[in-house]
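**Q** Chains as they are written, first to last, in the working numbering: chain C, 1 to 51; chain V, 52 to 433.
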Ligand code: SF4
Ligand code: SF4
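(1) Helix, strand or coil, according to DSSP, for residue 154 of chain V in the structure here?
(2) Applying the 10 Å Cβ sphere with the 16-neighbour rule, what's the burial state of residue 191 of chain V?
(3) Note the first and the last residue of the continuous beta strand (DSSP E) segment covering residue 415 of chain V.
(4) Report the CB separation of residue 413 of chain V from residue 379 of chain V in whole angstroms; it is logged as a contact under 8 Å.
(5) Report the three-state DSSP secondary structure of residue 145 of chain V (helix, strand or coil).
(6) Find the residues of chain C that neighbour residue 172 of chain V, judging by a C-beta separation of less than 7 Å, and give them in chain order.
(7) Excluding the five sequence neighbours on either side, which residues of its own chain have a C-beta within less than 6 Å of the C-beta of residue 151 of chain V, listed in chain order?
(8) Give the straight-line distance between the Cα atoms of residue 360 of chain V and residue 71 of chain V, rounded to the nearest whole angstrom.
(9) Mapping DSSP to helix, strand and coil, what is residue 265 of chain V?
(10) Residue 232 of chain V: buried (16+ other C-beta within 10 angstroms of its C-beta) or exposed?
(11) If the cut is a Cβ gap below 7 Å, which residues of chain C does residue 152 of chain V touch?
(12) Nearest-angstrom Cα distance between residue 17 of chain C and residue 27 of chain C?
(13) Is residue 352 of chain V near ligand 2, judged by its Cβ being under 7 Å from some heavy atom?
(14) In chain order, what residues of the region 400 to 419 of chain V put their CB closer than 8 Å to some CB of chain C?
(15) Which residues does DSSP list as the beta-bridge partners of residue 420 of chain V?
(16) Am I right that residue 404 of chain V and residue 382 of chain V are in contact with their C-beta atoms under 8 Å? What's the rounded C-beta distance?
(17) Leaving out five residues on either side along the sequence, give the residues of the same chain with a beta carbon under 8 Å from the beta carbon of residue 376 of chain V.
(18) In this structure, how does DSSP classify residue 229 of chain V when only helix, strand and coil are distinguished?
(19) Examine chain C for any beta-carbon lying closer than 8 Å to the beta-carbon of residue 190 of chain V, and answer yes or no.
(20) Cβ of residue 48 of chain C less than 8 Å from any chain V Cβ?
(21) Classify residue 111 of chain V as buried or exposed, calling it buried when 16 or more other Cβ atoms lie within 10 Å of its own Cβ.
(22) Near residue 364 of chain V, what residues of its chain come up, given a Cβ to Cβ distance below 7 Å and the 5 sequence neighbours on each side ignored?
(23) Helix, strand or coil: which one does DSSP assign to residue 352 of chain V?
(24) Counting only C-beta atoms, is residue 18 of chain V closer than 8 Å to chain C at any point?
(25) If you run the structure through DSSP and keep just helix, strand and coil, what is residue 190 of chain V?
(26) Would you list, in sequence order, the uninterrupted alpha helix (DSSP H) runs of no fewer than 4 residues that lie entirely inside the region 341 to 392 of chain V?
(27) Between residue 64 of chain V and chain C, is any beta-carbon pair separated by less than 8 Å?
So this is what it looks like as structure tokens:
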């Protein structure tokens, strides 16, 4: 039986996680985290069905 | 200390003169402490080792984990007591599952709502700070939503749809509804079981319908979460016209506690209530209809099942499929055959197959080998 290589099993997920962290940092510095905060701290009328 | 608490809860000092607010703060701390204590007990008792305990103990443990995580992420009790929402700084962070940020208890933002909010902010005429040159340039980069893609990529690459199985509040609610004891809509997946059924032709027809309807969630993701908020704008389209989680966790509690909001209810409220009612009703008979056919977040995580660090795998030296055992495939509530593909995009990593396998041939975790040293196959069966 052929099992998954170490590359697929560990290195690819680790690389994706690392890329994820870089994206988060980049996005946050670009103001996206603020855009999320701004939306999330007010009651979202669309979400609760009031339009 | 007082300032830290005020910052954490996003409150002004004057709010502390209200006994309801103080009671809310104390209850929040008590609930968080109780859930953390529960998780520590589960860890110490090694209840996360699905194999060791069998199905009964695992299904109870799973319910405890789901309930605990729901309480942990929705324990802003000031909101529940006063009919408001959390407005503190922690809300720039996202929770992993479908958890409306307008839920009175929510500490974090919903990833799908947050993604639409970023897309909605995108304006091609706006300038942005180029981190390489350090200057402001005219270029549309918000449309990539780096922040949200990063968060979802990190969680997905860590554990894939384990989020759906254990951490998502709307998944948990559907699990509870499915526990209502009525006759269930369940189709066999395994070829042998289909052939043994009363009407194999009809079973295969409905399996086909179910299979193609599952692609709908990718359409919801592309059209209502990405395309419309980015191009047409004006609305978080998925939240506004579809999301039942927003109505259940946000709309109903807020409107029942706040008469001004209730007075604003109209056509859209009715439409969303009907969608919610349909999904709630269907969830009693069919396992997780929202997750199967609609959820755009499940669609995103499904891409990561194949590439995540936490994986399911089969010990082929133990699996008894050749002797006719299909316990895993017939017990999987999502209709997956884990022996054929242990990391199928539809697998929500609920642990049912794993805890029911009489041969203990299904493994979940981070390893490439079983404790006895045999290889674990994480790929599709050849
Ligand atoms: S598919 Fe969506 S609603 Fe279902 S459990 Fe996963 S994230 Fe939650
Ligand atoms: S394959 Fe197993 S873990 Fe995945 S959804 Fe089915 S029963 Fe749950």
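Backbone N, C-alpha and C define an ideal beta-carbon position, used for all residues, glycine too.
**A** Per the coordinate set shown:
(1) Note: residue 154 of chain V maps to coil in three-state DSSP.
(2) With a pLDDT of 49 at residue 191 of chain V, under the threshold of 50, the predicted position of this residue should be treated as unreliable, and no value is reported.
(3) Boundaries of the beta strand (DSSP E) harbouring residue 415 of chain V: 413 to 416, taken from the DSSP string.
(4) Cβ-Cβ separation between residue 413 of chain V and residue 379 of chain V: approximately 6 Å, consistent with a contact (criterion under 8 Å).
(5) DSSP places residue 145 of chain V in strand when its eight states are reduced to three.
(6) Under the 7 Å cutoff, chain C gives 35.
(7) Excluding sequence neighbours, residue 151 of chain V sits near 161, 296, 297, 300, 301.
(8) Each residue's alpha carbon lies about 44 Å from the other.
(9) Here residue 265 of chain V sits in coil by DSSP.
(10) So residue 232 of chain V ends up on the exposed side.
(11) What residue 152 of chain V touches in chain C: 40, 44.
(12) Take the alpha-carbon of residue 17 of chain C and the one of residue 27 of chain C: they are about 15 Å apart.
(13) Answer for residue 352 of chain V: no, Cβ out of range of ligand 2.
(14) Correct list: 419.
(15) In the DSSP assignment, residue 420 of chain V is bridged to V:426.
(16) Confirmed, about 6 Å.
(17) Excluding residues within five positions, the ones whose Cβ falls inside 8 Å are 370, 409, 410.
(18) Look at residue 229 of chain V here: in three-state DSSP terms it is helix.
(19) Any answer about residue 190 of chain V is weak, because its pLDDT of 48 lies below 50 and its placement is not dependable; what the coordinates show is given next. Chain C contact via Cβ: absent.
(20) At least one chain V Cβ lies under 8 Å of residue 48 of chain C.
(21) Exposed, since its Cβ has fewer than 16 Cβ neighbours within 10 Å.
(22) Excluding residues within five positions, the ones whose Cβ falls inside 7 Å are 393, 414, 427, 428, 429.
(23) Residue 352 of chain V falls in the helix class under three-state DSSP.
(24) Nothing about residue 18 of chain V can be read from this structure; chain V reaches only from 52 to 433.
(25) Because the pLDDT at residue 190 of chain V is just 48, under 50, the model does not fix this residue reliably, and the point stays unresolved.
(26) Restricting attention to alpha helix (DSSP H) runs no shorter than 4 residues, the region 341 to 392 of chain V encloses them at 347 to 355, 378 to 382, ordered along the chain.
(27) Residue 64 of chain V does not count as touching chain C.
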